[in-house]
Structures are given as C-alpha cells and as structure tokens.
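Each residue of the sequence shown is one higher than the one before, counting from 135 in our numbering.
All C-beta atoms in this analysis are idealised placements derived from N, C-alpha and C, irrespective of residue type, glycine included.
I have placed the structure first, in the form of structure tokens, so that the comments after it can refer back to it.
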Amino acid sequence: MLKDLGIKSRVLVLTLLPATVLAVVLGIYFTWMQLSEMRHQLDERGQLVAQQLAPLAAPAMAQGYSKRLQRILNQVLDQPDVRAVTILDTERNVLAHAGPNMITPSPPADPEALTRVSSVDTTRILLPILGKHLNLAADSLGNDMRQIGWLELELSHQGTLLRGYRSLFTSLLLIGAGLIITALLALRMSGAISRPLHKIKMAVAQLKEGHLETRLPALGSHEMDELAAGINRMAEALLSAREELQQSIDQATEDVQQNLETIEIQNIELDLARKEALEASRIKSEFLANMSHEIRTPLNGILGFTHLLQKSDLTPRQQDYLSTIEKSADSLLGIINEILDFSKIEAGKLVLDSIPFNLRDLIEDTLTILGPAAHSKHLELVSLVYRDTPLSLVGDPLRLKQVLTNLVSNAIKFTNEGTIVVRAMVEDERADRAQLRISVQDTGIGLTDQDMRSLFQAFSQADNSLSRQPGGTGLGLVISKRLIEQMGGEIGVDSIPDEGSEFWISLSLPKARDDIEDQPRAVLLGRRVGVLEPHPLARQALQHQLEGCGLEVLTFDTLDQLQDAVAAARTSETPIEIAVLGVTSREIAPPQLCQRLWEFEGLGCKCIVLCPTTEQAHYHEALPESHTHTQLQGKPACTRKLQRVLLDLLRPAQAIVEHPLLPESRPPRVLCVDDNPANLLLLETLLNDMGGEAEAVSSGRDALEAVKRKAYDMVFMDVQMPGMDGRQTTEAIRQWEVDSGQPPLPIIALTAHALSNEKRSLLQSGLDDYLTKPVSERQLAQVVLKWTGLPLARSFLAAPVESPPLENNLKVLDAEEGLRLAAGKADLAADMLSMLLASLEDDRRAIRDARLAGDQQGMIDRVHRLHGATRYCGVPQLRAACERSETLLKQNHPSAAQALDELDGAIERLEYEARVI
C-alpha cells in the first residue's frame, strides 16, 4: 500500500498512524480505569453510609420514634449520589422512606451481612439492623445478633457517569490537539524532504536534456547539500568532458586535413591508425574482461542469497518466484562468464591450472549435471571410458569440464531423440604422458559444410534458424577451441546432415600418481552381478564400470531372464548377489518394478535401480522401504557412487577396513599443532595408526621451534591459539624459510568452524590448504598424499565420518558417535571424553568471565576452543550449541547472548548426565 504513496504521504501516514493508534488505545484504557475506580468508590461510599446509618436508626426503631427516623433518612439524602433510603421492620414492612421509589430489584436478604445489586443506573444495598447497633458507642458494640429491621439504600450512577464523560471529553481534546500538532510537524518534515528532491529531479531532467550548465543550490540540510554537490560535480565533469571531446574532434579534423596534403603522409597516417586500432582492440578486450568481472560479482551475490532464501519456509508461489530469479541469474551469469572467458583469451590473460584430476570423474560429473536436461527430452546419456585409458592426469579440470559441458549441452540442444555418447580413449601413451581423444557424438540435426566453416567463429551459431530457440551467445565453441589450443590440443567436428555430429578433442596431458580409490576392492573381486539395460551403449558402459570394480558381469535382455538366472544360481558356489537394473517408466512401471524387487529380495539378490533423473521421484515413491536412496540412482551411473553402494551391499554388517597394497615408501613426517589436548591427541593417534610419523606441539612458538629443529613433510596447523595463532605462526615459518633458503613446507589449516569468508583469508596468510573439524581418516590420507606424495600405509577407505544433522532433539551424550569419531577405538574415545569433562568447568568459567567483561574476542576464542574439543567426542547437543554460539558471536548477532545461555545449559546437562553415568 505504501509503495503507491509519495514521500510526503508516507511520512504523514507513518507519523500519524502510530500516534493515533497509541493515543486512542491509551485514552480508552485510562478512561475505563477511571470509570472503574469511580464505580468502586461509589460502592464503598454506599457501604459506608449504610454502616453509619444503621447505628443511628436502630435506637429510633427500638423506641418507635418514626419522626426522628424520617428526619434521619431525609438527612441521608443530602449525601452525594444517594437516591433513596428505606427502613424496614423484620417482616420487610416499610417503617420510613425518603426519596423516590427504588428502581433496582431488592438484593437477596442476608440476616448477618450486607448485600447489594447493581443495574445500569443504580446500585441497591440491603443491610440488616441488629441489636448490636442500639448503642452508638463503637467500643460498646456487643455481639447481640438479634435482628431489629432492615436498611435499604439506593445509589445513583449519574454523577459517576457524568464525571467519566467529562474525563473522556478531556482525553479526546488532548488526543486531537496532539494529533494536530503531530500532523503539522509531519507536514513540515515531509515538505523538508520532498521539496529538495523535487529540485534534484528537475535538475537531473535538465542534465539529461543536455543542459550541462544546470547547477543545484544549497538545499538546507547536510545530506541534501552533499547530494547536490555531487550532482554539480558530475555536471561539471560531463561539461568538461564534452568540451575536451569537442576540442579533440576539432584537433583531429585539423590533423586529417593537414595529413591529406601528400600520399606519403596519408600512408603514414593509415599505418598509425592501424596500430591505434589494434591497441584499441586490446584495450577493449581488457575493459570487457574487467567489466564482465565486475558485473559477475553482484550476480554471484544474487544467486547465493537466492539459494539461502530457498532453504527457508516459503509458499509455493514464492518458491516459484525464486526459481525464476535463479534461472534468470544463472542464464545471465553464463553469458557473462562466456564473455569474460572470451575477453581473457583475447587479452592473453587466461592462465590454466596444472593440478591432478580424474578423467572418469570429470566426465561423469559433467553428465550428471546435464542429465536432467537430456532426460527431459527422453535422450540417453552414455559415458564410455575405455579400460586402457589412464584416469589420473594433470591439467586444468575446470576448463576441460567447461569445454565438455559446452559440447554436451550443444548436443542436447540440437538433438530431439536418440543418444548422446561421450567417449574417452587413449591414442598414444608414454611413461609420463598420454595422448587422449575425447568425443561427444549425438543423433541430432547434423551440420552442413557451410555450418562447419562458420562453427568456431565468435558470436555465430551453426544454425541461425534454431539459434533463437536454444539461445546462447555464440561464444561457447570459440572459447572451447581457444581453451583446447591453449592446452596444446586441437578440437574438430565430423557431421552428416540429419544424422548427427561428433565433436572431438585430441589432447596430450601428463600422467599423475594413481588414485588409491581407483584400485579394485578385495570385497568385490570375483563377485557376480547381473545387468539389465535395454540400451546397447548404456549396457556396454555399465559393463565396463562394473568390471572395473572387479566384478564378474552377466548381461540379460529381459527381467525374466535375469530373475531365472538368479534363481538358478542361488544354490551354487557363485550366486548372483547383485542385480543392476537400468529402467524407464515406459519399459516398466514403478509399481510393477516394486513387486519384482521383492521377488529378487526373496532370492537373496540385492538390486540397484538406475533410472532417468526426471523419473527418480516416481520410482522412489514406489520402491520398498528396504531400498534406500543409495540403491536408486540416476542415469548415467557414477562409478564412485556405484562402487560405494556395491561395498555397502556386499560387505558384512561389521565395518571392513581394507588396506590396499601401496608401493613401499617411507612414512610421512607430520607436525600437529593445536592448543586443545583432546584434538591434539586424536590427530596424533589417527596419523600414527595410519602409518605416519606424527609429532604434536600445543603452541605456535613450539611449532616454530620444531620446524627449525627438524625436517617435516607437512604441518597441520590449528588457526585459533593463544599467544601466537595459526596465521602468525605460518607467517613466521614462511619468513624463516625465506631467510634460510628452505623449500616451502606444506601447512594445512585445521579449525573447528569457519565463516564463508575465512577460507580466502587463511590461504592469503600463507596456508596451503584448509580442513574443517572433524577430520576423518580418509580426509587425512587424501591431504597427506596430495601435499607430500607419500601415502599413509594403513589409510581407511571407508566413507568419511560426517557430523550428524543438527536437530532439536540431539542427545546430550552419544556413546556410539564418540566411538565413530575415535575410529572405533574405545579407549581413545573414553580418554577424549574424560579430557573434555575435565576442562569443561574451566571453559565454562572462562566464557562467563569474558561475557561479564564484555570481551567479544575472548568469548570467541574460548567457545572456539570448546567447539574444537567437542568435535571429537560424542556430545552432539554441546557441539551444536558451540557452533551456533561461535557463528553468532563472529557475526556480532543480537541473538548471541541467548546462544551463550543455551551453551551454558548444554554444559550443565552434560555434566549432570556424566555424573549419573
């Protein structure tokens, strides 16, 4: 509603509306309270009059003095608000009456106490006159409860209401006066804002029309004057630029006229112009690269906050709006990224990385991302990586993935039915390098010779008649070509119109050290698996993947054949223990598949279902509860994910720790730095148990001395420590390396909690990599191998331990989780829990002292220390409270105090439960 109003109206509404509501509410409240108080006072006054009248009337009644009784009643009428009074005998017959007839019904009689009845206009009181009222001396009143008669008294409400109305009228006058004054102030305030804005609007309109001489006067307030001064400076700059431009034009015209005198001078000028054009093109490319980067930065913010907002509670319409915003921003970001890449290539500023990567994972990740787009058009995506193709390579995986994404995305755009196949094969191989050929083949519309000639040109597309439908900038293939050429390879295309196209990449890359996880697992070797996949190429790809895992693969054409084979081999020495089913809803409906899966389960055969990503939701609803989400996967299958599911299904119930055969090498020497004893103990224990040589120190100064004293292969460095923290220690080590000529030592940041902007800060401080606690054995093994090249001899290949999700009903003490976090070592888990409990009271007291002293950094440090200790103990409730407190403290959030109270409560609950146990 407010968006349709001007600034003046908004100020008026926002000023008057709260004041009016508040004044009305307070006026009603205080008027009601005053009326209630006056009504209460009236009742008390009537009760007092009745109680004072009873001793006066009792002697006259006892002696039969009716005239005296009447005179007393007449005098009572002089009291304020007394309307009528009556004296009755014990039979309720009137002995004396003063005033008009009573209009309120008589209250119920109580021979011992006063009773009353109230109506809208009057209140009627009935009081028994007893024998104790015969003597007027208060100290002589006895306990004679003998009844002599009755006293009735009626009070009028008119005086009370009149006083209430006067009070209400006064309140309304005050409210009205206040609102008038508020309105006048609001009008004055809105005028002080709107008038300068109107002047600014008119001045900007004049500048827009070209009147650059327009200037704004002083507007009467500091902020408005600053704005006016800024607009004036802008106008002066524009005017100066226009004058300079005109002077430049005049000078250029004069120069051209002079240079046209002779042919020789003209040729020189042409040559100079050509050089200037080349320089301008280069400058243009640099400007475009910088500008594209500046535009992309706020777009990334839009996308990031859109993702955050999507995680909150929203209505379906709001979710739809956010989805539209996200898609639009993604589309715009994709275009800007293409322009940025093209500009960087043109300006010669694109630098390629050279890091190890897995080729199969890269291809499968690309197809996983593009799978929904292909499946929405009922296309089959297939990844064929031939067995002799080396997988561990060194190059720029991000840029290679960008090229593959562009090629596969184009294939999906221009293919309406059929198959898209990505093949990877080796053309030539040496000890240290491999010549690869990666192709993307589709069954789409194909390309003519003319299309292929203009295919790799900037801002052009193969088929302009279709360019409006799929969209795009026409830069994708140009960027892909430049990237591949910069990598030292080549890219090309073979195509037949109306039959399809095959884009290929030929690239020579260095080999990397083989990944341990690519080796076949002992638990899978020789196991038999049945495969049902109607599509021939998809079946071939799936067979390659399963055989690469060490399995014996049997393929079948129908589900009945597979089920019969499973039943026949059930009692043999080599049963078919796993069935991998590639299905679509057109081939078998989800309910029918559910029934068949139960039959396979009855035969002792576990099933893995592969279906299009667009149909996963339908199959998930229909599958039996015994099939978890890991046994239902989208096409095309991801080898690593498939291998993890196979291990989960085939290995025994107990966790099997495999020790792959590693080449003989010396154990890596690792220095562990952490001020928390529990964290230090766990890290040292894990590294030593996995075959490393770990040494532990508890401070940054000790770490610096240890590095100077002994040679290490790498350092795990806690970030937040008292005295010399992780950043300062790293800077000191780097300075010592420079002074002494030592090679750089890999230093890995290790911290319990980090905000999103801390990773960049850590890497800029000289740290080489970043790990968030809790770290698992697998993470440690991968990081050690990555930075030292030395494998840990007994590293675990199980999935990394993940922190349980934060829920409202987290356990105070979880023994199973503590055992998992200690890698199954019960004595280590008990030691870490004991160390945590021993330091808990000191941490609690330190946090309270820092809170009382207002020491924000001290609170962050102590909570971070406690958070790090909880990461390796089964205390999920305390860990969640630490994480929330640390996050809110670092953000200086108003809820930080509440979070600290919750943390204190979590500590108290843990101490209580530990005592009980």
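What's the call for residue i, buried or exposed, on a 16-neighbour Cβ count within 10 Å?
i: glutamate 624; result: exposed
i: serine 614; result: buried
i: proline 925; result: buried
i: glutamate 1017; result: buried
i: tyrosine 846; result: buried
i: proline 934; result: Because proline 934 carries a pLDDT of 35, less than 50, the predicted location of this residue cannot be relied on, and the following value inherits that uncertainty. Burial call: exposed.
i: phenylalanine 850; result: buried
i: tryptophan 732; result: exposed
i: glutamine 679; result: buried
i: tyrosine 1006; result: buried
i: glutamine 385; result: exposed
i: histidine 174; result: exposed
i: valine 714; result: buried
i: glutamine 773; result: Before going further, note that residue 773 is threonine rather than glutamine in the sequence given. With 16 or more other Cβ atoms within 10 Å, it is buried.
i: aspartate 902; result: buried
i: glutamate 104; result: Because the chain spans 135 through 1051 in this model, residue 104 falls outside it and cannot be assessed.
i: glutamine 584; result: exposed
i: leucine 1034; result: buried
i: arginine 587; result: exposed
i: phenylalanine 637; result: buried
i: serine 200; result: exposed
Tell me whether residue i sits in a helix, a strand or coil according to DSSP, three-state version.
i: proline 193; result: helix
i: tyrosine 846; result: coil
i: asparagine 401; result: helix
i: methionine 966; result: helix
i: histidine 752; result: helix
i: aspartate 511; result: Sequence check: residue 511 is lysine here, not aspartate. Coil.
i: alanine 703; result: coil
i: aspartate 873; result: helix
i: methionine 851; result: strand
i: isoleucine 722; result: coil
i: tyrosine 163; result: helix
i: threonine 523; result: coil
i: aspartate 691; result: coil
i: glycine 1039; result: helix
i: arginine 822; result: It is worth fixing the name first, because residue 822 is asparagine in this sequence and not arginine. Correct three-state label for asparagine 822: helix.
i: cysteine 806; result: strand
i: proline 490; result: strand
i: threonine 154; result: helix
i: arginine 662; result: strand
Since residue i is in the beta strand (DSSP E), which residue starts that stretch and which ends it?
i: histidine 279; result: Position check: residue 279 holds methionine in this sequence, whereas histidine was assumed. Counting along the chain, methionine 279 falls outside any beta strand (DSSP E), and DSSP gives it neither H nor E.
i: threonine 249; result: 249-252
i: alanine 243; result: Taken as a continuous stretch (DSSP letters only), alanine 243 belongs to no beta strand (DSSP E), as it is neither H nor E.
i: proline 644; result: 634-644
i: arginine 217; result: 216-223
i: glutamate 624; result: 624-630
i: arginine 258; result: 256-264
i: glutamine 767; result: 766-768
If I follow the unbroken alpha helix (DSSP H) through residue i, where does it start and stop?
i: proline 1010; result: 1010-1024
i: serine 614; result: 610-620
i: aspartate 389; result: 356-393
i: proline 670; result: 670-682
i: histidine 998; result: 990-1004
i: lysine 945; result: First-last for lysine 945: undefined, no H or E at that position.
i: asparagine 540; result: 531-547
Is residue i near the ligand ADP, going by C-beta to nearest heavy atom under 8 Å?
i: methionine 336; result: Because no ligand of any kind appears in the structure shown, any question about the ligand ADP cannot be addressed here.
*What are the start and end residues of each continuous alpha helix (DSSP H) run of 4 or more residues lying completely inside the segment 560-593, in chain order?*
583-587
*For the 8 Å Cβ check, are there 3 or more pairs between the segment 623-641 and the segment 688-701?*
no
*Counting pairs of beta carbons, one from the segment 658-674 and one from the segment 503-510, are three or more of them closer than 8 Å?*
no
*Determine contact between the segment 869-886 and the segment 960-977, defined as no fewer than three beta-carbon pairs at a distance below 8 Å.*
no
_Three-pair Cβ contact test at 8 Å for the segment 240-249 versus the segment 195-213_ = no
_Pairs of beta-carbons, one from the segment 764-773 and one from the segment 801-820, closer than 8 Å: are there three or more?_
no
*Inter-stretch contact (C-beta, 8 Å, three-pair minimum) for the segment 394-403 and the segment 362-369*: no
*Only counting runs of 4 or more residues, tell me where the alpha helix (DSSP H) segments fall wholly within the segment 286-348, in order along the chain.*
292-342
*Is it a yes or a no for the segment 155-165 touching the segment 306-317, going by three-plus beta-carbon pairs under 8 Å?*
yes
_Inter-stretch contact at 8 Å, needing at least 3 Cβ pairs: the segment 301-309 / the segment 317-334_ = no
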